[in-house]
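Trainee: The sequence shown begins at 353 in our numbering and counts up one residue at a time.
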Amino acid sequence: MKQVKNVSLRTVGASVPEKNKDGEYEVLIDEQPTGITVPYCDIEAAVKVDADRYLLFLTNDTLFEEMLRIALIRPGDGVIDMLVVGTPYSTGIFEELDVQKTAVNFRFIGDTTWTVSIPDKPFFRIPFIGDPPCVWHSFTPKRYIRISANPPKWQ
Numbered sequence: 353m354k355q356v357k358n359v360s361l362r363t364v365g366a367s368v369p370e371k372n373k374d375g376e377y378e379v380l381i382d383e384q385p386t387g388i389t390v391p392y393c394d395i396e397a398a399v400k401v402d403a404d405r406y407l408l409f410l411t412n413d414t415l416f417e418e419m420l421r422i423a424l425i426r427p428g429d430g431v432i433d434m435l436v437v438g439t440p441y442s443t444g445i446f447e448e449l450d451v452q453k454t455a456v457n458f459r460f461i462g463d464t465t466w467t468v469s470i471p472d473k474p475f476f477r478i479p480f481i482g483d484p485p486c487v488w489h490s491f492t493p494k495r496y497i498r499i500s501a502n503p504p505k506w507q
């Protein structure tokens, strides 16, 4: 894995949503459209996982109530998996990104260090069980993003 700077977003549609509102934003790689859309407007970081997959760390630029969306995308296939870290009325600042060979570490919400990894194959996870507190996944048992938190809870 390695952090990249060639991923950006552009607003989709005729009307431009307010900066801190969920909308529809197309992912661009090397300024070329991918056809992939995401709901948040700011890319905090982009990490190239392998030859054709990227992890995007996205926020919606809402002061004092940040939610972090982590999306795994593949041009041609779209959004493969997405999860949300955060709770209503919680504040979080995405910081201390540390990209390793097989994982990405970062801090978000309190003194919590989060670790994200992408296994070689999708794995089975019962919805609402097994993820750290304040992590929200789509309601599907097939997952592509593995996430952990240290410490696992915060006060």
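Think of the CB as a built atom: it goes at the ideal place given N, C-alpha and C, for glycine as much as any other residue.
May I have the straight-line CA-CA distance separating residue 428 from residue 414, to the nearest angstrom?
Mentor: So the two alpha carbons sit approximately 30 angstroms from each other.
Trainee: Can you look up residue 405 in the DSSP assignment and give me helix, strand or coil?
Mentor: DSSP places residue 405 in coil when its eight states are reduced to three.
Trainee: Among the candidates 482, 422 and 387, whose CA atom is the shortest distance from the CA of residue 456?
Mentor: If we check each option's Cα against that of residue 456, 422 comes out closest.
Trainee: Can you have a look at residue 491 and say buried or exposed, based on whether 16 or more other CB atoms are within 10 angstroms of its CB?
Mentor: By the 10 Å Cβ count, residue 491 comes out exposed.
Trainee: In whole angstroms, give me the CA-to-CA distance for residue 381 and residue 459.
Mentor: Those two C-alpha atoms are separated by around 25 angstroms.
Trainee: What three-state label does DSSP hand residue 445 in the structure shown?
Mentor: It is coil, neither helix nor strand.
Trainee: Please identify the residue among 442, 485 and 399 whose C-alpha is closest to the C-alpha of residue 353.
Mentor: Closest by alpha carbon: 399.
Trainee: If you count every other CB in all the chains shown that lies within 10 Å of the CB of residue 462, and 16 or more means buried, which is it?
Mentor: Exposed is the call here.
Trainee: Can you tell me which of 377, 450, 386 and 493 puts its alpha carbon nearest to the alpha carbon of residue 430?
Mentor: Minimum Cα distance to residue 430 is reached at 386.
Trainee: Label residue 502 either buried or exposed according to how many other C-beta atoms from any shown protein chain fall within 10 Å of its C-beta, with 16 as the threshold for buried.
Mentor: Counting Cβ neighbours within 10 Å, residue 502 comes out exposed, since fewer than 16 surround it.
Trainee: Is the closest heavy atom of the ligand NAD to the C-beta of residue 471 under 8 angstroms?
Mentor: The ligand NAD is not part of the structure shown, which contains no ligands of any sort.
Trainee: Work out the CA separation of residue 392 and residue 383 for me, nearest whole Å.
Mentor: So the two alpha carbons sit approximately 18 angstroms from each other.
Trainee: Got a sec, what are the start and stop residues for the beta strand (DSSP E) residue 381 sits in?
Mentor: 377-381 is the span of the beta strand (DSSP E), which, as asked, contains residue 381.
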